[in-house]
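Protein chains in written order, with our numbering: chain A, 1 to 327; chain B, 1001 to 1327. Every residue gets a Cβ at the ideal spot worked out from N, C-alpha and C, and that includes glycine. A quick note: this is a predicted structure, and the numbers were derived from the prediction, not measured.
Number of protein chains: 2
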Amino acid sequence: MKAVIITRPGGPEVLEIQDRPRPEPGVGQIRVRVCASALNRADLLQREGNYPVPPGYPADIAGMEYAGEIDALGAGANLWKTGDRVMGVIGGAGHAEFLCVHEREAMPVPARMSWDDAAAIPEAFLTAYDALFNRLDLQTGETVLIHAVGSGVGTAGLQIAHAAGARVIGTARSPDKLERAKKLGLDIAIDASRGDWATQVESVIGGQYVQAILDLVGGNYLEGNLRVIAVRGRVVVVGLTAGATAPFNMGMLLRKRVTIVGTTLRARPLEEKIELARQFSGRMIPLFETGRLQPVVDQVLAFDRIRDAHSLMQSNKTFGKIVLRWA
Amino acid sequence: MKAVIITRPGGPEVLEIQDRPRPEPGVGQIRVRVCASALNRADLLQREGNYPVPPGYPADIAGMEYAGEIDALGAGANLWKTGDRVMGVIGGAGHAEFLCVHEREAMPVPARMSWDDAAAIPEAFLTAYDALFNRLDLQTGETVLIHAVGSGVGTAGLQIAHAAGARVIGTARSPDKLERAKKLGLDIAIDASRGDWATQVESVIGGQYVQAILDLVGGNYLEGNLRVIAVRGRVVVVGLTAGATAPFNMGMLLRKRVTIVGTTLRARPLEEKIELARQFSGRMIPLFETGRLQPVVDQVLAFDRIRDAHSLMQSNKTFGKIVLRWA
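Shown next as structure tokens:
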């Protein structure tokens, strides 16, 4: 099978499509012929040699999500049949023509959805769903602040929070991204390129009404998060594009009785991945079928343009997901 | 009535006992004749002018807990009768001969317990109970690390965690405090005055098995907390004696999927204080009556020695609480 190989740590030029042995499904697993996948920041970090790949996945093939057709069943697998359309996240090696996962980790592709759209769902929407409901316990009527609202996880979180009846404030560093986010349900748009975003939030909503924050930026956004968060507010940190280390005012943490939680999907044990996939299948897939949620695809590129795809993501100019397809 | 007055911001010498009007109980309130109270770090900060007193409490009278006899009932109060022995926390003005609280905030003094012992319970044990169960969700069989285990909240948390079937690791900066903590159930004693405590924890328990941390120190203990905490571990920060601000490695927060929560009892709204007092009355008071929990009193001083009491707490040499009594 074909796979995108990281030939050595480096820039997009180190990526090459090469042949690799097709994997065989183990007990309880399914093998999926990947029709489409998508790109994530962790893929770029892995390419640079800066992301520890979870045990059991090759360091030289990136790729954390897929949509495709089941082409073989491992011993004991009985949840699906060959030909079923599935999608999901995987710890690595998703940028290949075939992959194997435990059958209970896979989720059904929403009815009538294209492979390209389906491939834009798993990582972004599972991350956002888990962050908003399992980590933040977001409630109808609450106000949630989403940083980098134009990103893959940002646009997913925005739609889920909007569907759940929350008021959504979003930050981005581009007026264009904010305009597009408004069409997905964004209530209050904050342009972080126009001075301090926390001051803007304070002036727009006039006090401390932000009960929850979905932070995909990290770094010194921490300081602003603690300023605008309400008493007993919750912050989930999912991404660190602005840096991993920042000064932490724990006095504010105590006075406001804030909860800060870090999360990541990739390194989770099987039982947690299964639990999340089953929750999401039951609660979110129907919302795609009724149109309440929609995958946000910036561009679809063939896998032979994988280097362009990596460069595009590094440009920070995309809105939503960069989808990759084999044909 | 007599009260300890903070005559101006400053050291222990600014404290004076003066006469003040006796408060009258409002609707739903009880008035308590205070037999004993105790000292807290926040009282010292308030004396220095560095603690914002919650609305409704005078800035010039400290004191956050009490044990005493009900001497008057406000309109509609019907949970208690005059002469009942009660104890509890209060937002301020506890260092006085009388105080008024909502009747549902008060808790019964455990049967046959002295006033001095009862006064050592509320702030330390309510804080520890709330931190361990409501913030950390501590479970039987888990390992909890308690910093400053010889302090009031530390000795309370140690006993509660031990009673709940958790393994308790404790840090302190004195071998003597650790020896005394062992008698209260401490499983693993770490002397923080002998080099890096986190390295000691790692070498003693050989891996990342610390599921929960009760941190009464703050400051750069944050770095060690993130090092020793288990995947999906929880940290509650209750005190900041080592400082409020520290560099925060959010990369570690994400990778380990850690939850950090700040908490404080004092500034809570009435409904939360009542809920906590009722929980504690139902679950913890019986454990004092069977002897599983015991107040830890370092010294009992008459209120006319309030300056000595403040100096004693500043010395950091006490083990458990400094109790103050009117007679």
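Chain B partners of A/Val-210, CB-CB under 7 Å? Those within 7 Å of A/Val-210 in chain B number zero; the least Cβ separation is about 16 Å.
Less than 8 Å between CB atoms is the rule here; does A/Ile-30 satisfy it with respect to chain B? no
For the alpha helix (DSSP H) containing A/Glu-69, list its first residue and its last residue.
-> No alpha helix (DSSP H) contains A/Glu-69, which is instead part of the beta strand (DSSP E) from 65-73.
query: Just curious, the beta strand (DSSP E) that A/Asp-137 is in, first and last residue?
result: No beta strand (DSSP E) contains A/Asp-137, which DSSP labels as neither H nor E.
- Using 8 Å as the limit for Cβ to Cβ distance, is B/Leu-1240 near chain A? yes
| Taking only runs of the alpha helix (DSSP H) that begin and end inside the segment 137-184 of chain A, which ones reach a length of at least 4 residues, in chain order? | 152-163, 175-182
| query | In chain B, which residues lie less than 9 Å from A/Pro-247 when you measure between Cβ atoms? | reply | Thr-1245, Ala-1246, Pro-1247, Phe-1248
Item to complete: Using a Cβ cut-off of 9 Å, pull out every chain B residue sitting near A/Val-258, in sequence order please.
Response: Ile-1260, Val-1261, Gly-1262
- Cβ of B/Gly-1224 less than 8 Å from any chain A Cβ? no
Checklist line | 8 Å contact criterion, which B/Ala-1156 and B/Ala-1128 should meet: CB distance rounded | finding: 4 Å
At which residue ranges does the segment 194-249 of chain A contain complete beta strand (DSSP E) runs of 3 or more residues, listed in the order of the chain? 210-215, 229-237, 245-249
>> How far does the beta strand (DSSP E) with A/Ser-37 in it extend, from its first residue to its last?
In response: 29-38
Helix, strand or coil, according to DSSP, for A/Gly-262 in the structure here? strand
| message | Give me the chain B residues within the contact set of A/Arg-255, using Cβ-Cβ distance strictly less than 9 Å, ordered along the chain. | response | Pro-1052, Gly-1262, Thr-1264, Ala-1267
Q. Which one or two residues does DSSP pair with B/Ile-1322 in a beta bridge?
A. B/Gln-1299
Runs of 3 residues minimum, wholly inside the segment 1076-1115 of chain B: which ones carry the beta strand (DSSP E) assignment? 1085-1089, 1098-1102
* Asked: Residues of chain A with a CB under 9 Å from the CB of B/Val-1237: which are they?
  -> Met-250, Leu-253, Leu-254
Where does the unbroken beta strand (DSSP E) through B/Ala-1003 begin, and where does it stop? 1002-1006
Three-way DSSP call (helix, strand, coil) for A/Gln-46 in this model: helix
Requested in this report: Report yes if the C-beta distance between A/Ala-62 and A/Glu-123 is below 8 Å; otherwise report no.
Outcome: no
Identify, in the order they occur along the chain, each residue of the same chain with its Cβ nearer than 6 Å to the Cβ of B/Thr-1259, setting aside the five sequence neighbours on each side. Arg-1234
Looking only at its chain, what residues have a beta carbon closer than 7 Å to the beta carbon of A/Leu-287, apart from the 5 residues adjacent to it on each side? Ala-163, Leu-293
Going by the beta-carbon positions, is the gap between B/Val-1340 and B/Ile-1017 smaller than 8 Å?
In the structure displayed, chain B extends from 1001 to 1327; residue 1340 of chain B sits before or after that span and is not available.
Quick check: is the beta carbon of A/Gly-218 nearer than 8 Å to any beta carbon in chain B? yes
Check your understanding: Which word fits A/Asn-40, buried or exposed, when buried means at least 16 other C-beta atoms lie within 10 angstroms of its C-beta?
Key -> buried
B/Ser-1151: buried (16+ other C-beta within 10 angstroms of its C-beta) or exposed?
buried
task = Check A/Ala-120 in the structure and name its three-state DSSP category.
result = coil
Just checking, does the segment 1257-1271 of chain B make contact with the segment 1226-1246 of chain B on the three C-beta pairs under 8 Å criterion? yes
Subject >> Counted within 10 angstroms of its Cβ, other Cβ atoms place B/Val-1168 as buried (16 or more) or exposed >> reply: buried
Which of helix, strand or coil DSSP assigns to B/Ile-1061:
coil
What does B/Ile-1017 pair with, by DSSP beta-bridge criteria?
B/Val-1004
Below 8 Å CB to CB, which residues in the same chain sit around A/Gly-218 once its five sequence neighbours on both sides are set aside?
Val-237, Gly-239, Leu-240, Thr-241, Ala-242, Gly-243, Ala-244, Ala-246
For this session: Could you pull out every residue in the same chain whose Cβ sits closer than 7 Å to the Cβ of A/Leu-44, ignoring the five residues on either side in sequence?
Result: His-310, Met-313, Gln-314
| said: Here's the rule I'm using: 16 or more other beta-carbon atoms within 10 Å means buried, otherwise exposed. How should B/Ala-1036 be labelled? | reply: buried
Any idea what DSSP makes of B/Ala-1131, helix, strand or coil? helix
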